[in-house]
Ligand code: ZN
Ligand code: ZN
Ligand code: FE
């Protein structure tokens, strides 16, 4: 006889870990008990030697899919002669903090029940178990117990209750457990609120086939759905949603259908099928049958697989691919309450597929892609949140308020950084309210009472204003690009001094100009700006972001002065010279014209110079379309200069503009010019890093900022840096865009205030 005490920490609660242990113990005739306490799962197990060892070995090997075991300690004790194995009541202790699971995609066992006609949950849209189903979006308060979720109003029937109480059952303590006789139900109604009679799922499918747009209440909010292969339906959805070009995500029935539409490699397939079920951006096949309006001017497609029972049912018939886009109008947050959805989506959707399980926290779909075989997260939300980023050292409790666009906030507690779900662009009241409610919710869920608040230096950001309005807490203003770099450092668990390359659209600099082409010598506490892209005026401020032609004209004027009027390029033929005269005057008189060193604006300028995009209708569009057409085989570059005598030293791209114009005049193709431009920027970054290495003796380069969503540029930069023997760090857990900066802010604030 042998007895072992096993202590397991990490994400091991609320995900079916105890029933798993219970069943494993029975399999190996192990006796003793298991319980949850504030530290994790605690097992006391005894058996004859061979069985006990096997039991212990199989725990990490066979653990439920979402379990993340952080520590696993075994110590051996004297046997006590237990006669059975039981699940003990959870220990109540002072510290009630536990990790909370994200919402999980329907598991295989639930799926097979869902489609077995004999099963009492046959085609039941709310089937779930401890391995799958809603979590984060239904939790109102902790501890995570049914009566504190939006399932509280449903009383379990005797069959569900029996499963819930049976330690050997997959639904033991599955808080959202339900069946058709006791759980939530669906109905379909028209815009006027009149219920459509008949089978609501069959009717929904019929309407989608007929080209209608349906608002579908899902896990973390409403989707707007229509047939992705029906051009008329998709373009209708576009015009009603006031969304000109920004691509829609699609949901495919299965991997086979994904392969029909897109090129997909093994890592991408794995990411698509992961329990988080994110949207994965894939290369679209030329002959794909997807409607043109799904993703105009793009050669990629955002694809996801079904993740809720309802999705599986909808895609189990003749429909193979649905457009599934967030239920909102342009930039508002995703609708998640019935009344709100009816009001806000009433002019977009023809019908509403609703249910009576309330969504407590809205949570958008996550967006990812694969870079060098690893996930590269663009929007970290459903499926990932509220699982924390684990840091290599503990932090004081800090609230970091993030940026403006793609806002997330971050709350820290010990070694955990709870990066919030995607809040959205903090530009309207709706989003601000969602931001404030989200912060309060996270504070409550994880027992966090912040000791300090971190914010972005931009004086106009609503997140910064919110931070500064909190009474009685020390505040720390963090420079935008320093936050980008530190967020990448902490997810890679590195400390000390690094070369931080922040290639970005907009970030407020310490000198009051707009930064975005920055080379920093940085550590977790502070930074020095060592180099940056040459500053240019940005006439009209934010209008220059919406209208890349302004940046193109500014760049031409920098490169050619008044000689620009003689240039034989299409941009000047399109240009209304009066408009440019007005801008010139604004620049001279310094009216609404900030200066910027932004790399994002340089990409915009080139995009307009090549007649790809003079105006954008979503963030980053000009650069995305420039990347798309680039010839990847081009090896040439344009000349550029590093003005090393200045401090910080300046990277002058005037020659790049002259080169591009020269090629344009000679009739070189856009695709070649774009390829050459991407190579040039990569070369520029590598050479600047090489110079910094020689002057600062630093060999680690950290890449962050929204421009690195450009995968072509990212690959060229990583390749060039590695070739030059740098250690290169990129993002993989948090976004390289502004969705990641709150993490960096929190760490910097901690270092400045609490780490002496
Ligand atoms: Zn399940
Ligand atoms: Zn039931
Ligand atoms: Fe940024």
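Numbering (the numbering used here), first residue to last: 1221 to 1976.
Glycine included, every Cβ here is placed at the ideal spot set by N, Cα and C.
Can you say whether residue i is buried or exposed, counting buried as having 16 or more other CB atoms within 10 angstroms of its CB?
i, result
"residue 1863", "exposed"
"residue 1614", "exposed"
"residue 1240", "buried"
"residue 1298", "exposed"
"residue 1943", "exposed"
"residue 1556", "buried"
"residue 1686", "buried"
"residue 1196", "This structure gives no information on residue 1196, because the portion of the chain shown stretches from 1221 to 1976."
"residue 1731", "exposed"
"residue 1291", "exposed"
"residue 1752", "buried"
"residue 1883", "buried"
"residue 1562", "buried"
"residue 1367", "exposed"
"residue 1238", "buried"
"residue 1895", "buried"
"residue 1811", "exposed"
"residue 1301", "exposed"
Could you give the first and the last residue of the continuous alpha helix (DSSP H) run that contains residue i?
i, result
"residue 1709", "1700–1711"
"residue 1275", "1269–1282"
"residue 1775", "1768–1780"
"residue 1638", "It is not in any alpha helix (DSSP H) - residue 1638 instead sits in the beta strand (DSSP E) that spans 1630–1639."
"residue 1943", "1931–1943"
"residue 1503", "No alpha helix (DSSP H) holds residue 1503; the beta strand (DSSP E) holding it covers 1499–1504."
"residue 1243", "1237–1247"
"residue 1559", "1558–1565"
"residue 1842", "1841–1849"
"residue 1805", "1797–1809"
"residue 1444", "Counting along the chain, residue 1444 falls outside any alpha helix (DSSP H), though it belongs to the beta strand (DSSP E) covering 1442–1447."
"residue 1824", "1819–1829"
"residue 1675", "Looking at the DSSP string, residue 1675 is not in any alpha helix (DSSP H); the run it does join, the beta strand (DSSP E), is 1672–1676."
With a CB to CB cut of under 6 Å and the five nearest residues on each side skipped, what residues in its chain are close to residue i?
i, result
"residue 1720", "1705, 1740, 1742 and 1922"
"residue 1619", "1631, 1670 and 1673"
"residue 1256", "1233 and 1310"
"residue 1587", "1499, 1598 and 1599"
"residue 1926", "1724, 1725 and 1957"
"residue 1634", "1614"
"residue 1977", "Given that the chain is displayed from residue 1221 to residue 1976, the structure contains no residue 1977 and the question cannot be resolved."
"residue 1967", "1706, 1710 and 1744"
"residue 1264", "1225, 1252 and 1253"
"residue 1307", "1238, 1242, 1254 and 1387"
"residue 1371", "1396"
To which residues does DSSP link residue i through a beta bridge?
i, result
"residue 1471", "1524 and 1542"
"residue 1646", "Per DSSP, none; premise fails for residue 1646."
"residue 1595", "1590"
"residue 1872", "1861"
"residue 1748", "1741"
"residue 1305", "1252"
"residue 1718", "1742"
"residue 1401", "The partner list for residue 1401 (beta bridge, DSSP) is empty, contrary to what the question assumes."
"residue 1415", "1409"
"residue 1349", "1352"
"residue 1969", "In DSSP, residue 1969 forms no bridge with anything."
"residue 1947", "1920"
"residue 1263", "1226 and 1254"
Name the two residues that bound the continuous beta strand (DSSP E) containing residue i.
i, result
"residue 1224", "1222–1231"
"residue 1895", "Unbroken run through residue 1895 is the alpha helix (DSSP H), 1890–1916; no beta strand (DSSP E)."
"residue 1614", "1609–1615"
"residue 1330", "Careful: residue 1330 lies outside any beta strand (DSSP E), inside the alpha helix (DSSP H) at 1328–1334."
"residue 1409", "1406–1410"
"residue 1575", "1571–1575"
"residue 1618", "1618–1620"
"residue 1437", "1434–1437"
"residue 1294", "1288–1297"
By Cβ distance, which residues of its chain are closer than 7 Å to residue i, with the 5 residues on each side in sequence left out?
i, result
"residue 1519", "1503, 1504 and 1848"
"residue 1249", "1267 and 1271"
"residue 1436", "1442, 1443, 1445 and 1573"
Measure from the C-beta of residue i to each C-beta in chain C and report whether the shortest distance is under 7 Å.
i, result
"residue 1694", "Absence of chain C from the displayed structure is noted, only one protein chain being present."
Can you name, in chain order, every residue of its own chain whose Cβ lies under 8 Å from the Cβ of residue i, other than the five neighbours on each side?
i, result
"residue 1969", "1618, 1620, 1672, 1673, 1674, 1696 and 1698"
Listed in chain order, which residues are found with a beta carbon closer than 7 Å to a heavy atom of ligand 2? Taking every residue with its beta carbon within less than 7 Å of a heavy atom belonging to ligand 2 gives, in chain order, 1376, 1377, 1379, 1380, 1398, 1399, 1401, 1402 and 1403.
Ligand 1 site residues, beta-carbon cut 5 Å against heavy atoms: Those residues are 1327, 1330, 1349, 1351 and 1352, given in chain order.
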